[in-house]
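Letter by letter, the sequence shown follows residues 3 to 85 of our numbering.
Glycine is no exception: its CB is placed at the ideal position from the N, C-alpha and C atoms.
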Amino acid sequence: MDKKLFITADLYFYEGIQNKNFTSGITYTLKPIYDANLKIDYFLGKQVAAFVSLNNIFSQNYQRYLYYQTQGLNFLGGISYSF
């Protein structure tokens, strides 16, 4: 039996990230981050696969770097070819 479907899930939790504003000299501790991702690959043949990737499933607005807000739920889909 060939394995055609692969599902990968990631769950990240970050806490206590500190960033410094070098203009004011103030160090900030950022809010905790919960980030869940899911990727599904389906192999159509030996060289061709289709995939869908869902990122930030909880659609949490967080900053991993000071003043750089992340996007909410986002996805990517496509087809890959190996040669």
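In this structure, does DSSP put residue i in helix, strand or coil?
i   : result
N57 : strand
I9  : strand
I42 : strand
S84 : coil
I35 : strand
I28 : strand
K2  : Residue 2 is absent from the model: the chain starts at 3 and stops at 85.
If we count the other Cβ atoms within 10 Å of its Cβ and call it buried at 16 or more, is residue i buried or exposed?
i   : result
N76 : exposed
N63 : exposed
N58 : buried
Excluding the five sequence neighbours on either side, which residues of its own chain have a C-beta within less than 6 Å of the C-beta of residue i, listed in chain order?
i   : result
N21 : Y30 and L68
S84 : Q49
S55 : K41 and L78
N39 : D12 and N57
Who are the near neighbours of residue i in its chain, counting only those whose CB is closer than 7 Å to its CB and skipping five residues on each side?
i   : result
Y36 : F15, F60 and Q62
G74 : N58, S61 and N63
S82 : A51 and F53
Ordered along the chain, which non-local residues of its own chain (more than five positions away) have a Cβ less than 8 Å from that of residue i?
i   : result
L32 : I19, Q20, N21, Y64, Q65, R66 and L68
Q71 : N63, Y64 and Q65
Pull up the distance between the alpha-carbon of residue i and that of residue j, whole angstroms please.
i   : j   : result
A52 : K5  : 14 Å
I9  : G47 : 17 Å
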